[in-house]
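Residue numbers (this note's numbering), protein chains in the order written: chain A, 1 to 279; chain B, 280 to 558; chain C, 559 to 813.
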């Protein structure tokens with residue numbers, strides 16, 4: 001059973017003539033992978049993400065064709081609230097996601113909405129907070145937190161609903177590089193410990209490639225590739241796409257051009273060194 | 280051109296401390312540091328939005344403490360991170376005309392200048408469109424255009440490469456080069472280490488309201504201690520070269536840029552294939 | 559004056575008798591004091607009521623903020639003093655000023671010591687629908703965010719030559735557009751973002767909602783409420799039997 005399945009799905013926003021999503025047939029399986037979603041700037045990635053928990057088509061008014069299934073349930077036939085325990089989305093700006101007066105209440109919020117008993121809420125708060133390492137922040141107000149801490153709280157408040165897929169829309173955009181790295185490390189830990197699939201939409205490829213298992217490439221509202229990391233970065237689609245290619249990639253592509261290197265393009269520095277040593 | 284003499288000043292709390300800085304015409308400077316280190320505060324002092332509580336700032340040898348923001352903004356143009364904080368007019372054309380208002384041009388002159396700018400930024404096709412209807416990239420261009428049309432001598436950008444793909448960054452670079460040719464001084468606040476390392480000649484690092492480093496980028500961004508204090512990470516090319524060195528690649532630690540590493544590896548691979556052939 | 563004045567109503571977390579009271583008790587306090595103030599036109603009883611606020615303010619550890627709110631009224635005070643003295647009498651003017659002080663203080667105490675979260679909870683306990691109470695506390699939560707955004711917008715516009723001060727009423731109104739339009743647009747965008755985030759966390763789910771934090775009336779709250787009821791009753795009685803009160807109750811300035 002697929003976690004998410006798009007069947008010939010098209011979508012355009014109300015008032016727009018162009019389709020934001022063109023014939024999407026994407027399938028995301030329950031294989032606990034770390035998936036990286038990349039594409040040129042444009043509404044495609046954000047739109048795709050919002051289809052994955054029912055926001056499209058239920059919250060956004062627009063015109064669609066085709067179907068989207070989450071755990072075999074059509075997203076039009078169930079409420080977004082019901083889907084929140086299957087797929088969780090952490091949006092780009094934590095400022096607009098933190099709505100409570102303190103961190104503890106923030107994490108409890110989703111569970112409150114679902115009518116979970118109070119004792120269970122307390123237990124789940126503890127688990128989430130310890131996984132995201134924010135136990136010491138539980139009674140702080142959102143504006144007292146740094147950007148990285150806010151992002152952790154946002155992640156904890158979604159994790160607490162125990163979704164099988166955690167999606168993050170440009171989570172590191174507003175963070176400085178060290179904090180960005182810490183958050184990505186945290187996400188990797190979460191993927192491994194909770195055994196869930198993580199999907200991140202990002203521009204900062206050099207930070208993320210070392211962690212990804214799979215990649216999805218989008219262009220003009222279409223998914224042009226969905227493959228393992230190695231296959232994707234060695235493919236033509238990746239090369240031609242207008243992305244911020246990581247430095248390692250550029251270096252090895254140049255070496256390949258000069259016919260000095262023939263192997264797979266490495267995705268991280270340790271990989272690169274291994275490739276060079278094992279010639 | 281600008282001479283910041285020592286100053287401290289509180290904003291409720293001490294935001295900038297002991298800032299002493301000399302900036303010269305035609306320079307291209309990057310300011311980097313942790314979120315909250317005082318970067319945006321510093322640039323706000325340059326156009327009068329914030330007045331230092333101690334010390335003086337001189338632009339072209341004139342003390343600006345008594346110059347109004349309106350006058351200063353003609354010499355110092357700041358392009359903030361969020362374009363939607365600026366756009367409000369009925370049409371894109373009106374947006375530019377609004378920026379030109381304080382120059383007291385007559386209708387003809389204003390129209391000519393507006394046409395020039397729209398042409399320079401490739402925004403002519405949006406002339407009659409509402410600025411609120413533009414895509415993210417286009418509205419950022421419009422925000423930049425609405426400052427450059429005033430022809431300030433100093434251009435300051437706050438996080439210009441955020442969320443931009445490779446092509447957009449390229450065209451931004453071209454814009455900067457053109458302005459520098461015209462003698463403008465460019466200052467950029469950024470977290471984008473790769474961009475800074477490759478393109479910006481001089482970098483200033485800030486932490487806790489102080490300037491902790493000021494010098495050639497290659498040197499400044501190479502010091503591990505400084506990098507740590509400012510929550511940055513080493514540029515990829517440098518990380519790679521240090522890793523190569525630690526794995527036995529001779530002299531790899533003298534390499535800095537992407538180009539350096541590429542040349543080194545090309546040589547290495549040529550040598551090793553020659554050696555292999557000899558056997 | 560205006561922005562400083564608003565600060566005197568901002569909630570600050572502290573550990574004091576007042577802060578630890580149930581928000582409904584504090585709402586009752588505000589109402590009781592307002593009603594008491596409206597009962598009288600004479601200086602002396604109003605002065606007693608005003609004095610009775612001071613111990614409350616002290617045990618609430620909010621003295622400084624309360625003083626600020628009183629100070630913020632100074633402009634209004636001069637205005638009232640002037641008009642009332644002109645048309646009625648100085649005594650009446652002073653009585654009116656005391657009345658304003660009492661009412662503003664009562665509500666100031668409320669806002670300074672009630673956590674907006676608890677405010678929403680107290681509204682819900684009074685049978686208001688959850689969505690309504692929640693939007694209330696959401697508004698509170700975003701006030702500082704929107705204030706910061708407004709500042710950023712002012713900075714951005716000033717950086718392109720926008721001048722804050724313009725001459726003439728019409729120009730002043732036109733001059734607000736470059737500030738208001740971006741603010742409204744940004745707020746709308748923010749509203750969408752917040753709504754998405756809420757939906758994604760099952761807001762509006764048909765299930766019966768659990769409330770993790772609850773507010774309960776404790777012994778302290780009952781004692782305080784009873785005190786307030788007695789307080790109000792005392793003053794109602796004084797009002798009704800005013801002619802039986804000692805001479806000095808009706809004291810007023812010869813003006």
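Using N, Cα and C, we set each Cβ at its ideal position, and we do this for glycine too.
Note on the segment 458-527 of chain B: whole beta strand (DSSP E) runs with a minimum of 3 residues are 464-468, 481-486, 489-495, in chain order. Excluding residues up to 5 positions away in sequence, 307, 495, 496 lie with their Cβ nearer than 7 Å to the Cβ of residue 480/B in the same chain.
Ranking 775/C, 617/C, 695/C by CA distance to the CA of residue 102/A puts 695/C first. Approximately 7 Å separates the beta-carbon atoms of residue 28/A and residue 2/A; this is inside 8 Å, confirming the contact. As DSSP reads the structure, residue 219/A sits in a beta bridge with 222/A. Residue 318/B counts as buried, since no fewer than 16 other beta carbons sit within 10 angstroms of its beta carbon. Residue 437/B is positioned such that its CB atom lies no closer than 9 Å to that of residue 518/B. Checking the DSSP bridge columns, you'll see residue 342/B partnered with 337/B. Taking 7 Å as the Cβ-Cβ cut-off, the segment 529-549 of chain B approaches chain A at 537, 540, 541, 544, 545, 548, 549, given in chain order.
In this structure residue 226/A touches residue 26/A by the C-beta definition: roughly 6 Å separates them, less than 8 Å. Contact note: residue 710/C reaches chain B through 359, 361, 364, using a C-beta cutoff of 8 Å and chain order.
Following the DSSP letters along the chain, one finds residue 187/A in no beta strand (DSSP E) but inside the alpha helix (DSSP H) bounded by residues 177-194. CA-CA distance, residue 483/B to residue 432/B, rounds to 20 Å. 9 Å or more divides the Cβ of residue 255/A from the Cβ of residue 295/B.
For residue 181/A and residue 249/A, the gap between their C-alpha atoms comes out near 19 Å. Burial state of residue 582/C is buried, judged by a 10 Å Cβ sphere holding 16 or more other Cβ atoms. The beta carbon of residue 261/A falls within 9 Å of a beta carbon belonging to chain B, placing the residue at that interface. Contact annotation: residue 266/A and residue 252/A have beta-carbon atoms nearer than 9 Å. According to DSSP, residue 116/A shares a beta bridge with no other residue.
Looking only at 716/C, 675/C, 652/C, the smallest Cα-Cα distance to residue 350/B is reached by 716/C. Three or more Cβ pairs closer than 8 Å define a contact, and the segment 163-182 of chain A meets that threshold against the segment 77-95 of chain A.
Note: residue 356/B is bridge-paired with 434/B in the DSSP secondary-structure output. The beta carbon of residue 574/C does not come within 9 Å of any beta carbon belonging to chain A, so the residue lies off that interface. Flagged as an interface residue toward chain A: residue 314/B, by a C-beta distance shorter than 9 Å. Counting only Cβ-Cβ distances below 7 Å, residue 489/B has no contacts in chain A at all, with the closest Cβ about 17 Å away. With a threshold of 16 other beta carbon atoms within 10 Å, residue 327/B meets it and is buried.
Residue contact with chain C for residue 55/A: present (Cβ-Cβ distance below 9 Å to some residue of chain C). Using a Cβ-Cβ cut-off of 9 Å, residue 235/A does not count as an interface residue toward chain B, since no Cβ of chain B sits closer than that to its own.
In the pairwise beta carbon analysis, the segment 584-593 of chain C is classified as touching the segment 780-795 of chain C: at least three pairs are separated by under 8 Å. Of the residues 93/A, 64/A, 244/A, the one whose Cα lies closest to the Cα of residue 750/C is 93/A.
Spanning the alpha carbons of residue 592/C and residue 637/C requires a straight line of approximately 21 Å. The contact set of residue 114/A on chain C, defined by CB atoms closer than 7 Å, consists of 760, 763, 765 in chain order. Listed along chain C are 717, each with a C-beta nearer than 7 Å to that of residue 356/B. Looking at the DSSP output, residue 4/A bridges to 28/A, 70/A.
Restricting attention to alpha helix (DSSP H) runs no shorter than 4 residues, the segment 653-738 of chain C encloses them at 674-683, 688-716, 727-732, ordered along the chain. Here residue 608/C carries a helix assignment [DSSP, helix/strand/coil].
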